[in-house]
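J.: Residue numbers (this note's numbering): 992 to 1224.
For every residue, glycine included, the Cβ atom is placed at its ideal position computed from N, Cα and C.
This is the structure, below, for whatever I ask next.
Rendered as structure tokens:
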């Protein structure tokens, strides 16, 4: 993936789909690609953005298959969140009542790790991503993140969790209010997509979301997330 463009086989491997399926998607204009010297070529950033949106449409089994196709070398494959999420990066009393305030507060929580070298650059990148499309979901969860990986301003990839005392307008479909927030900051595309897929799997269970909403401390919320992560196969 160091080259500017990927070929059809590389994209199929990255997305965890067979070559014929990927070829049909690009021929139909669903997957972004272009013909160069008679061969399909794909830009990694465009594929990342497409995959990120496609994740919203997948069920738990499809998310698991996609997650398994990523295999980030930075993450524990059995429990990806355990190297990214810590008690100090979980805050159940997020001091924020607006979308801009939530983003600012989440970056401050993530900054407790001392792994964010340029908080202003991270905030700007997260805001720009939200301007493209809200990362809010109808279940009250939002997963803000930069549009592209940030290897130059992060010491390591990380996830921060925050909960507000009441739901706030975050741009979710059907104007659903959001109260559970996961800030995802990754150093590379595979890590970014694997984290999104794992969170997507965890957060499809309404009972689990209610447990997070009733956690009595950041430490308890972290324990709930890591336990669920370790039990997900």
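(1) According to DSSP, is residue 1014 part of a helix, a strand, or is it coil?
(2) When DSSP builds the beta bridges, which residues end up paired with residue 1083?
(3) For the putative contact between residue 1171 and residue 1131, defined by C-beta atoms under 8 Å, what is the C-beta separation to the nearest angstrom?
(4) Leaving out five residues on either side along the sequence, give the residues of the same chain with a beta carbon under 8 Å from the beta carbon of residue 1006.
(5) Within the 7 Å Cβ cut-off, does residue 1047 reach chain D?
(6) Cβ atoms of residue 1098 and residue 1114: under 7 Å apart, would you say?
(7) Taking C-beta to C-beta, are residue 1193 and residue 1219 nearer than 7 Å?
(8) Apply the 10 Å Cβ neighbour rule to residue 1105 and answer buried if 16 or more other Cβ atoms are within range, or exposed otherwise.
(9) Assign residue 1224 to one of three DSSP states: helix, strand, or coil.
(10) Give me the residue from 1142, 1163, 1149 with the minimum Cα distance to residue 1127.
T.: From the atom records:
(1) helix
(2) Residue pairing from DSSP leaves residue 1083 without any beta-bridge partner.
(3) 6 Å
(4) 1013, 1038, 1042, 1057, 1060
(5) Reference to chain D is not applicable here, since this structure consists of a single protein chain.
(6) yes
(7) yes
(8) By the neighbour-count rule (16 or more Cβ atoms within 10 Å), residue 1105 is not buried but exposed.
(9) coil
(10) 1163
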